[in-house]
Structures are given as C-alpha cells and as structure tokens.
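Enquirer: Under the numbering used here, the very last position in the sequence shown is 409; numbers go up by exactly one each time. All C-beta atoms, glycine included, are put in the ideal place defined by N, C-alpha and C.
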Amino acid sequence: MPTARLRQYQHLLATFQPESETNTTFPQHQHPGQSIAVQRGALRCSRSNSVELPLPAGGLFVVQRRRYCCFEMKPKVYVTRNDYARIGLDLLKEECDISVWDEAYPVPRDEFLKNVAGKDAIYCSLNDRIDKELLDQAGPNLKVISTISVGYDHIDVKECKQRGIRVGYTPDVLTDATAELTVALLLATARRMFEANKQVHTGGWKSWSPMWMCGKSIKNSIVGIFGFGRIGQEVAKRLAPFKPAQIQFTSRTDKFLTAEDLGVTQVPFDELIETSDFLIIACSYNVETANLFNDAVFSRMKPSAILVNTSRGGVVEQHDLIHALRAGKIQAAGLDVTTPEPLPLDNPLLTLPNVVLLPHIGSADIETRIEMSRITACNILAGLKGVKMMSEV
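(1) Could you pull the DSSP bridge partners for Leu295 from this structure?
(2) Kindly list the residues whose CB is nearer than 7 Å to the CB of Val132, restricted to its own chain and excluding five residues on each side of it in sequence; keep chain order.
(3) Return the first residue and the last residue of the beta strand (DSSP E) that Ala351 is part of.
(4) Closer than 8 Å by C-beta to Lys174: which residues in its own chain qualify, once you throw out the five before and the five after it? Chain order, please.
(5) For a quick check, are the C-beta atoms of Asn395 and Met388 less than 8 Å apart?
(6) So, does the segment 243–257 touch the segment 185–193, judging by three or more C-beta pairs under 8 Å?
(7) Measure the C-alpha to C-alpha separation of Gly279 and Ala380 and round it to an integer number of angstroms.
(8) With a CB to CB cut of under 6 Å and the five nearest residues on each side skipped, what residues in its chain are close to Leu359?
(9) How long is the line joining the alpha carbons of Leu158 and Glu304, rounded to whole angstroms?
(10) Buried or exposed: which applies to Glu276, given that a residue is buried once 16 or more other Cβ atoms fall within 10 Å of its Cβ?
(11) Could you check which residue in Val160, Lys135 and Lys130 has the C-alpha nearest to that of Lys401?
(12) Measure the CB-CB distance between Gly231 and Arg207 and report whether it falls below 8 Å.
(13) Quick one: residues in its chain with C-beta nearer than 8 Å to the C-beta of Thr384, no 5 flanking neighbours on either side, listed in chain order?
(14) According to DSSP, is Ile377 part of a helix, a strand, or is it coil?
(15) For the beta strand (DSSP E) containing Ala137, list its first residue and its last residue.
(16) Please report how far the alpha carbon of Val371 lies from the alpha carbon of Ala348, in whole angstroms.
(17) Counting C-beta neighbours from all protein chains within 10 Å, is the total for Gln178 16 or more, i.e. buried, or is it exposed?
(18) Residues in the same chain with beta-carbon distance under 7 Å from Tyr185, minus the five sequence neighbours each way, listed in chain order, please.
(19) On the DSSP bridge assignment, give the partners of Ser407 in chain order.
(20) With distances taken between CB atoms, is the gap from Phe309 to Val331 smaller than 8 Å?
(21) For Gly344 and Pro226, what's the separation of their Cα atoms in angstroms?
(22) My assumption, with CB atoms under 8 Å, is that Ser292 sits in contact with Ala321. Please give the rounded CB distance.
Right, dumping it as structure tokens:
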C-alpha cells in the first residue's frame, strides 16, 4: 500500500481511537490482503478502497472512499413485522442486533413507539407511519430508515432530513410486477371477469347468450395514463400489443423516454380525463395528487370510461368515486389500492358489481418481494456504514 495512504489511515485512526490507542505504527511495505499491525487491533487492507479495523469491544471501524463509521457494538435495528422475506433479515443478522415485531401484521402504534427507542435503524413498510412523534421516541441514535416500498408518503422525509436520518426505499425492483398487475386489473375490469366468475359459482350461467357479460375491448380504444414514471412507461409498453388507437399520458416531469420511443402521446390533464376510454392512475402520492380524482374529474370523464388505480388510494376521493359509479358517471373501476387499507367489510365499494377490488398486491410476486427485502436490508447496512445506498430518497 502506498505510504501516503498509510499516513491517511493513520491520521483517521488517531482521530477516532481513544488516546491510549493512538500510538499506532505501520510497516513501510504492505500488500493487499496482509495485516497491518496496530496496538490492540489489526488493519485489513484490500484493493476495494476500504479498510477495516476490529475494535477492542468487538466492533468494526470502517474507512471507505474517505467515509467512515465506527461500530463499538452491533447496531440495533427494529423490524416492524415478522413476515418479510427471510433474505433481508438474514443479511441484517450478520452485522446487527435486530428486534422484530413477532406478528404477520403491522406493529400497533403503541408497540412501535415503545420498541423503537434507542434503535440505530428501522426496517419498515408502507403501513408504518414514521412521523415526528416516532422520531422523537427513537432518539438521537436513529440513523437510517428503510422502507420495503416504492412509495414513502408514510415517512416524514423532511423531518428525517433535518435530523440527518437517511431514508432508503425500493423503487426499481417492483416496476415490472406492478405494470403486469395493472394490465391484468384493466383486463379483469374491462372484460368483467369477476362478475362472470361469480355467475359461474352462483348458478347465473344458464346458457350461452350473444350479449351476456359483454365487456370492453382495448383494441381501437384510447388509453390514458396519469403519471409516466417507471411504472407508467412499462404499462404503456405492455398495452401496445393490444392495438389501442392511442396511448396518451400526462406527467408532471419530463423524466421519461420520448413519446416517439414508446409510440405514445403527451396530452394536457383536461384532455386526458375527457377523452380516455381507460384511465390508469400510476402517479406517486403527494400533496399535489391527493384526492385529485374527485367528482369534478369524474363528471368530465366519458360515461363509458373505466378507471384503474394501482398507485395509492389517497389519489382518489373515494366517496366521489362511489357516487360516480352508482350514478353512471363512469362505467367501472379496478382498484388495487383504497382508503383505508384494508377496506372495511361494510364499505359501499364492496357492494358495487362494476368494481374489481384487490388487496394492494401490485408488487406481489415471489421474486420481486424477495429482492425488495434484500434491497431494504442493504439500504440499512449502507446507511449505517456511511456509504451509498442502493436506493435513497
């Protein structure tokens, strides 16, 4: 290792070791993979621009790309339920002390507040509200929050930033799974699959009838997509082979492939809602999109239009949607997301035959959920070590 680099590491060690341990000497010649003897420890060098120094208490001092962390003891991580894919928890167990809410449902608020105190990191999901109250309860040790979701509206990101708490999420890995589910939900709603299935099970299928259970075709229709990020683009790609007359979109940003690349057309929001035969909501949930789809919007849509929402339930004013479906302002709706979740059994949506409801399963394929768990854990480990996360808000 070059002498200059050894001096750099010696300076770092002198800065962060107790005074009794700062009298550290380095050999003049050292090769990657060999140990550099230091008082009460050994510095391991490699070609990866990183070094690791075991500390007397069993922790690890890490220097990587001029960033460091010092673990005098294993970091404490709180995991908000016990049914995440095991790969993520196994990764954390290798380097951290983890505490798990030992149930396969969201941790109750009082338990969350009680058990998060003193933790260095939180592994959470979109069901777990992380606000100022919880951050106060966690205390100054909290360094990282990692959510196993693409959305992070359940986390007060601004408050986290002010406290220097890093926030990780899982945006890219679930794109394909959610796009597939969106297309499936559109087809199930348009072709009245759940209605037809119910007829089979309840004896409504008497004989073949030329106009019985007829639905809508995507071919020659106008498909509108609100929100044209990763998921919106992948939905457009998957719908193109169905030969719609046009795929159009509205997006708040220009971070997408060109319309020519995908064969789609960008239109104003007013045109999108007034002309689309199928209207897919694929946007993020924020202050600008909250309750955006309300009675004023439904009143301007085609009476034959079908609404599909796989983003967040809060984007739709649900009471207005129920009224629109009952009054025939729109034809049908396919919803993977609702407000609240889970939907109470007495909710009027459950009584409407022109609604297809799913329990927020957009990313629910086995491979995707396993990878989401791995990324969530890796984000925590990276945040604790002060290095780049796989995906950071």
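Expert: In short, the structure shows the following:
(1) In the DSSP secondary-structure assignment, Leu295 is bridged to Gly240 and Leu323.
(2) Contacts found: Tyr94, Ile138, Leu150, Gln153 and Ala154.
(3) What sits at residue 351 in the sequence shown is Leu, not Ala. Taken as a continuous stretch (DSSP letters only), the beta strand (DSSP E) holding Leu351 covers Ala348 to Leu351.
(4) If we look at Lys174 and ignore the five residues flanking it on each side, it has no Cβ neighbours.
(5) Not a contact, by the Cβ cut-off of 8 Å.
(6) Yes, since at least three Cβ pairs between the segment 243–257 and the segment 185–193 fall closer than 8 Å, the two stretches touch.
(7) Cα-Cα distance, rounded: 29 Å.
(8) The answer is none, since no qualifying residue turns up.
(9) Cα to Cα, Leu158 sits roughly 30 Å from Glu304.
(10) Flag for Glu276 reads exposed.
(11) Comparing C-alpha distances from Lys401 to each of Val160, Lys135 and Lys130 shows the shortest one belongs to Val160.
(12) At the C-beta level, Gly231 and Arg207 come within 8 Å of one another.
(13) Excluding residues within five positions, the ones whose Cβ falls inside 8 Å are Val189, Leu190, Asp192 and Ala193.
(14) Judged by DSSP in its simplified three-state form, Ile377 adopts coil rather than helix or strand.
(15) For Ala137, the enclosing beta strand (DSSP E) begins and ends at Ala137 to Cys140.
(16) Each residue's alpha carbon lies about 6 Å from the other.
(17) Gln178 comes out exposed.
(18) Thr163, Ser165, Val166, Tyr168, Ser407 and Val409, listed in sequence order.
(19) The partner list for Ser407 (beta bridge, DSSP) is empty, contrary to what the question assumes.
(20) For Phe309 and Val331, yes; Cβs fall inside 8 Å.
(21) Between Gly344 and Pro226, the C-alpha separation is close to 24 Å.
(22) That pair is a contact at about 6 Å.
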